[in-house]
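Worksheet for the structure shown next.
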Amino acid sequence: MIQLQHVFKEYRVGPVKVTALADVSFEIDKGEFTVLAGPSGSGKTTLLRLLYRDEVPTEGEIRVAGYEVTRLRRSNIPQLRRAIGMVFQDAKLLPGRNVYENIVFVLRVLGTPRREIAPRVMQALKAVGLSARAQALPAQLSLGEQQRASLARALVKEPALLLADEPTGNLDEGIAEEILDLLREIWNRGTTILLATHRATLADQLKRRTLVLERGRLLKDKD
Amino acid sequence: MFLFLIEEAVRDLRRGGRVAASAVLLITLSLAALGAFWVLSLNLGRVVAQWRDRLRVVVYLREEPAPGTADELLAKLEAVGGIQRMRYVSKAEALQTLRRQLGGQASLVAELATNPLPPSVEVTPAPEASTPAGTRALVQRLSTLPEVEEVQGGTEWVERLAEFQRLLQRIGLAVGAVLALAAILAVTTATTLVLHARRQEMEIMRLVGASEMVIRLPLFLQGLAQGLAGAAVAVGGLYAAYRLALPALEPLLSFTLGLPRATFFSPSEVAVLLGGGALLGAFGGLLAKGGRPA
């Protein structure tokens, strides 16, 4: 599902060259649940952004869901992103639309036939346990509920791969545990998951394959 | 999908608020200015065409020819060349025509002791003599005849009118272009504000894999709707002004320029104005910047 070969990413800040990723190589198979762990600033978010082609590597090759990401033409980027679901630390819900409309928005943007929209949205809401809060605006939701809504929005397009960038970063431990349980359920249904987190305990708790990044280098790859 | 894009465009228009309304107003002003000059120029064009068609040279005679010698005089006039048709107008006929033209005030004619009007010959130049230079030469040739007191007519004033019409067109285009530019900038500003307001939507759209077309099309449609609305208001305003001015304007036009009826735009010309407005708006919508490319 994901292949990285000798990936480097450097940024130039004036005359200074900052290395965000250095010679990172790994593979993640279809159906795997992998944790990308590392402290803040270790390059986790940069790596995820390379995967959905929000950034281009300075060097190296990246393949995601059958797409040669590094050679992808700008006009083909939407196709890659349709195969990927994304969840971020902040839920990125649209404040003027309720939970139901936030999820509908994705399907309408992607041109899903009208008759398919309502059942798929209800199914996604049910999967994250948010059916009863469908009419609530984001501001009326708790942080945990917002993150669930964000997960429902990522799942509704039935992605082959789910990238989760610190999805529990803003949550207290109990709520974070619920989100992790949800991610496990999603993974059990066959979705490949790459979860980025700075919490070492969380990576241990999940007992899944863990890639450890530090200062842009892949330090460990442990099962 | 198209319905969704239209819904998004309507949502954006609402978000545009006063800036969107001022963009519509500027499009209205630019097209109203352009349209006003256009409709004036159209009517002036009709006057020019009509007068070119009716072009006459009037030869005023020193004295009325003796009975039975009018044909002889006409043959003499025809011999100067460049004449298509001629018609002799006697003093009595000229007075009759004046009486008709005066209408309600025809009684004034009855107060005249003698008929002061000269006899004349109305000359229609041949097509080759209908140019300003040709008519000038014809007038000169006719003036040399001893029976002729004065020759009036020619195409010069018609050409001056045509020149004025062209000037009017140019002024209309210049004013319209300046206002159109302002309208485009207003739509671009309104759309840019909307772009900032919908930054989050656009980010989500890009993240979930929407094509750039789907992201930008609502902006294009929003500009198009603003342009169309502005053009429709401009055409409506111009038509209202035309209907209001018509009762006062028509007798004046008829008396001074001989134009029996002032016309408004034809349906196809209205369509051109509406299309122009829509294009202005759509162009402004497309020019808007602010979205981060994927």
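Protein sequences, first through last, are from chains A and B. According to our numbering, the first sequence holds residues 3 to 225 in order. According to our numbering, the second sequence holds residues 6 to 299 in order. Just so it is clear, CB atoms sit at the ideal spot from N, CA and C, and this is done for glycine as well. The model shown is predicted, which means the values in this text are computed figures rather than measured ones.
Rounded to the nearest angstrom, the gap between the Cα atoms of A39/A and L198/B is 39 Å. Secondary structure in the stretch 76-155 of chain A: the alpha helix (DSSP H) runs of 4 residues or longer, each lying completely within the stretch, are 79-84, 101-111 and 116-129 in chain order. As a beta-bridge residue in DSSP terms, M91/B pairs with V128/B.
Looking only at L190/B, A185/B, S148/B and R92/B, the smallest Cα-Cα distance to L79/B is reached by R92/B.
Partner residues in the beta bridge of A39/A, as assigned by DSSP, are T199/A and V214/A. Here DSSP, grouped into helix, strand and coil, assigns Y54/A to coil. Taking the CA atoms as reference points, L186/B sits about 21 Å from V44/B. Secondary structure within the stretch 11-86 of chain B: the alpha helix (DSSP H) runs of 4 or more consecutive residues, fully enclosed, are 75-83 (chain order). Check the Cα spacing between T268/B and each of L279/B, P252/B, G282/B and A283/B: the tightest is with P252/B.
The C-beta of L52/A comes no closer than 8 Å to any C-beta of chain B.
Secondary structure at F7/B: helix, using DSSP grouped into helix, strand and coil. Partner residues in the beta bridge of A166/A, as assigned by DSSP, are V89/A and L197/A.
In summary, P59/A is buried, with 16 or more beta-carbon neighbours lying within 10 Å of its beta-carbon over all protein chains present. For R14/A, the uninterrupted beta strand (DSSP E) run begins and ends at I4 to V15, by DSSP. For L34/B, same chain residues with a beta-carbon under 6 Å away, outside a window of 5 residues either side, are L184 in chain order.
By the CB criterion at 8 Å, S216/B and P80/A fall inside the cutoff.
Residue environment for F260/B: exposed (fewer than 16 other C-beta atoms within 10 angstroms of its C-beta). Taking a C-beta distance under 8 Å as the contact criterion, R99/A and F107/A qualify as a contact pair.
A distance of 8 Å or more separates the beta carbons of A283/B and L243/B.
Contact residues of the stretch 67-89 of chain A toward chain B are R76, S77, I79, P80, Q81, L82, R83, R84, A85, I86, G87 and M88 (C-beta to C-beta distance below 9 Å).
F225/B is the residue among F225/B, A236/B, F288/B and G235/B whose C-alpha sits nearest the C-alpha of F7/B.
Under the three-state reduction of DSSP, F28/A is assigned to strand. DSSP, read as helix, strand or coil, puts E61/A in strand.
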